[in-house]
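A short write-up of the structure that comes next.
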Amino acid sequence: MRNAVRSAAGIRRPCSRERQRPNRPHEVVRWHRFCTAIARRGATADHRKRTVVVAGCASAGGSGPLNTVEKRSMNKVTVLVGTLALAGIGCDSSSGSTGETVTIEFAAMVGGENFVCGDTYDNLGADDSSLQLSDFRFFVQDVELKNANGDYVAVSLTSSAWQTDNVTLLDFEDGCSGNDFGTPEMNMVVTGTVPAGTYDGLRFEMGVPFDLNHENPATAAPPLNLTTMQWDWQGGY
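Read left to right, the sequence shown gives residues 0 to 236 (numbering that gives the first Met the number 0).
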């Protein structure tokens with residue numbers, strides 16, 4: 000994906016973007032036609048509603064109260080920011096020198112349906128297209144939680160095959176295409192640490208930071224070593 004644009008760029012087609020509102024949690028990023036990423040917690044019976052996940056006063060291993068923001072369904076591809084599992088982060092918790100573990104779960108949907116790699120979906124976009132989707136991956140960066148004072152605190156990412164520096168690769172496809180682009184491995188979480196405390200908001204950006212965007216994938220650390228996530232015609236993810 001190119002630069003640090005906020006996108007659902009696992010879908011391999013260019014789209015025009017609409018930027019996030021300043022100083023607001025990452026609620027919705029709209030892309031031309033069917034390309035849409037919406038922060039939401041879980042499915043609801045009314046698909047016109049979209050809920051932004053926020054964690055409140057959580058106990059160890061649990062999820063805090065959620066505030067909601069309604070969004071209208073556009074019959075498009077959707078990214079859901081799901082349960083924010085706060086291990087040991089709560090009203091009365093204490094923090095060690097390394098902070099407390101946090102896991103942010105994501106899910107992918109198409110309209111009101113769960114995304115399934117290889118399935119065909121109808122009525123997408125303004126022209127009601129039918130598309131078979133076989134790839135859905137994107138990078139996120141600058142993941143932050145909003146504390147009780149209204150300040151955003153960076154999540155220090157846990158190093159893994161899916162995360163390096165300030166970047167996480169979210170992968171919702173399972174290699175269903177049978178070609179060299181996809182992989183059977185999947186990743187739907189961002190994991191890291193934050194200071195113990197109460198958090199009631201979440202924000203992040205989509206894409207790769209500028210200083211990492213043009214690294215050589217042959218020498219880059221995972222997940223930036225995936226050549227299938229780079230544009231061949233113009234350097235960058």
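In this text, a Cβ means the ideal position worked out from N, Cα and C, and glycines have one as well. Predicted model only: the values in this text are computed from it and were never measured.
Counting C-beta neighbours from all protein chains within 10 Å, is the total for residue i 16 or more, i.e. buried, or is it exposed?
i, result
"Ala217", "exposed"
"Phe105", "buried"
"Asp127", "exposed"
"Leu85", "In this prediction, Leu85 has a pLDDT of 41, which is less than 50 and means its spatial position is unreliable; what the coordinates show is noted afterwards. Flag for Leu85 reads buried."
"Asn165", "buried"
"Gln131", "exposed"
"Glu99", "buried"
"Phe209", "exposed"
"Ala147", "exposed"
"Gly206", "buried"
"Trp230", "exposed"
"Asp134", "buried"
"Gly149", "exposed"
"Val51", "Caution applies to Val51, whose pLDDT of 29 falls short of 50 and renders its modelled position unreliable; the value that the coordinates give is listed next. Buried, because 16 or more other Cβ atoms sit within 10 Å of the Cβ of Val51."
"Ala160", "exposed"
"Glu112", "exposed"
"Asn122", "exposed"
Kindly identify the DSSP beta-bridge partner or partners of residue i.
i, result
"Phe137", "Leu169"
"Asn258", "Beyond the ends of the chain as shown, which are 0 and 236, falls residue 258; an answer cannot be given."
"Asn144", "According to the sequence displayed, residue 144 carries Leu and not Asn. Val152, Leu201."
"Glu99", "Val193"
"Thr239", "Examination of residue 239 is not possible in this model, given that the chain is present from 0 through 236 alone."
Can you tell me whether DSSP reads residue i as helix, strand or coil?
i, result
"Leu132", "coil"
"Thr218", "coil"
"Leu225", "coil"
Looking at residue i and the ligand MG, is the gap between the Cβ and the nearest heavy atom below 7 Å?
i, result
"Thr192", "As far as ligands go, the structure on display features none, and thus does not contain the ligand MG."
Would you say residue i reaches chain D, if we count a Cβ-Cβ gap shorter than 8 Å as a contact?
i, result
"Pro216", "As a matter of chain content, chain D is missing from the structure shown, which is built from one protein chain."
Residue ranges of each beta strand (DSSP E) within the segment 149-209, 3 or longer
151-153, 166-170, 188-193, 198-205
Are the segment 161-175 and the segment 115-126 in contact at 8 Å, needing three or more beta carbon pairs?
yes
Decide yes or no for the touch test of the segment 189-197 against the segment 205-216: beta carbon pairs closer than 8 Å, at least 3 of them.
no
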